[in-house]
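Colleague: After the structure tokens below, expect a handful of questions from me.
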Amino acid sequence: MQCCGLRSRTKWIFRPTAVSHSCRRRSIATDASEAAAQLMHKFRDRTIVRKQMLDANQLQRLCLTLGRSTVAPGLDVTTEVPPDGTPIPPGYHLVYFTPADLESSLGPDGTDQTYNAPAPFSRRMWAGGQMSWEKDSPLRVGDVVEEHTTLRGATAKRSRSGGEMVLVDVRKEFWTKRGLSLTDQRSWIFRPPPEQAQTYLPNHLHRSTERHIYERSTSQDVQTDTSVSTCPERHLRWSPVALFRFSALTFNAHMIHYNETWTREVDGHQELVVHGPLNLINMLDYWRDHHFQTGDGPNTMSYRAMSPIFAGESYTIKTLARRSNHSDSVELVISKGNVVCMTGSITSSA
């Protein structure tokens, strides 16, 4: 990957056979079961292996996008890049091993099509996943890492409204010379495009244009009477500028995050969508700030995305429960008003 002056290199290796351009042609499925079967057939017994150096510039730019001026005690990323050996914070690996596609290979919505379901299941949303960290080999700046990606499953599902969709599960392993560092299992759902996208009023008719354009991203911790123990809520809001920067860092061209015309008129969302991976990182940062005391960071995390959050919307992260036995377990929730948007469970050594 070459982005923002990065020194990192990405190399694609396919096992057991190389994928030709013909494999990227998108077939059309008649229903969700056929779409899932086509995807499973395409990737049966296949692992995609890529190699990359974890570049300090990418970590610095993510911290700046998140509004976090330090990545480690005494290390101000507004004035210097992290030195080699700096641990990659939990979740921050998501800005490495980004898609390596020509624009001509992307889907109509800008997405990397490698694990996309075939048409008509083209409307992609991040659904959830699990991660586990190995204590003996954490990812660090300067590491040369191999990413091993396999398709774990493609399953026909029904939405709550009864519509067909395809659930796609992918497993990624990150290996260094020290051994396995991280296992990241993630899921997407693919739905057909809406028959007729809902028409939303232009910004100047349903909100203050000046506020929408100029309002900055915010993050503030607030102590409330409902807070568990002494853990405050974190109030967040993301601007279109921040969403664009995160899309650029992750080389994610999915247009629901930066193209208002596509977002409203094709995908049927009311506003630009906050990235699922961005909220995953937000949840892990909240855990680090309020629940991580000493030790080696999290052991595992499972999470589920349930409802979208849009640019300019205020929402909260808070602790639902904390339990300690042989390990420490924290239950977190992201919500806007009474709507639950994401849930997460993080375990660590007690």
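Heads up: the sequence shown begins at 5 in the numbering used here, then just goes up one per residue.
Glycine is no exception: its CB is placed at the ideal position from the N, C-alpha and C atoms.
Are the CB atoms of Pro130 and Pro281 nearer to each other than 8 Å?
Modeller: Residue identity check: residue 130 is Trp in the sequence provided, not Pro. Yes, the Cβ-Cβ distance between Trp130 and Pro281 is below 8 Å.
Colleague: Under 8 Å between the Cβ atoms of Glu237 and Val226?
Modeller: yes
Colleague: Is Ala76 helix, strand or coil when you go by DSSP?
Modeller: strand
Colleague: With burial defined as no fewer than 16 other Cβ atoms inside 10 Å of the residue's Cβ, what is the status of Thr153: buried or exposed?
Modeller: buried
Colleague: Rounded to a whole number of angstroms, what is the C-alpha to C-alpha distance between Pro197 and Gly132?
Modeller: Approximately 21 Å, taken between the alpha carbons.
Colleague: Cα separation between Phe314 and Leu276?
Modeller: 5 Å
Colleague: Using a Cβ-Cβ cutoff of less than 7 Å, which residues in the same chain neighbour Gly114 once the five nearest sequence positions on both sides are dropped?
Modeller: Ala257, His258 and Met259
Colleague: For Thr213, which three-state DSSP category applies?
Modeller: Since pLDDT at Thr213 reaches only 48, below the 50 mark, its modelled position is unreliable, and no value is offered.
Colleague: Jot down the residue ranges of each uninterrupted beta strand (DSSP E) in the region 100-146, minimum 3 residues, whole runs only, in chain order.
Modeller: You should have 127-137.
Colleague: Go through its chain and collect everything with a Cβ distance to Ser37's Cβ below 7 Å, but skip five positions before and after it.
Modeller: Ala160, listed in sequence order.
Colleague: Cα separation between Arg241 and Thr118?
Modeller: 31 Å
Colleague: If distances are taken between C-alpha atoms only, which option among Ser126, Cys235, Asn263 and Met310 comes closest to Ala39?
Modeller: Checking every option, the nearest Cα to that of Ala39 belongs to Ser126.
Colleague: Return the Cβ separation of Pro91 and Pro142 in integer angstroms, given the expectation that the two are a contact with Cβ distance under 8 Å.
Modeller: Between the beta-carbon of Pro91 and that of Pro142 there is about 5 Å, and that keeps the pair under the 8 Å contact cut.
Colleague: Can you give me the Cβ contacts of Ser339 inside the same chain, cut-off strictly under 7 Å, excluding the 5 residues immediately before and after it?
Modeller: Tyr319, Thr320 and Cys345
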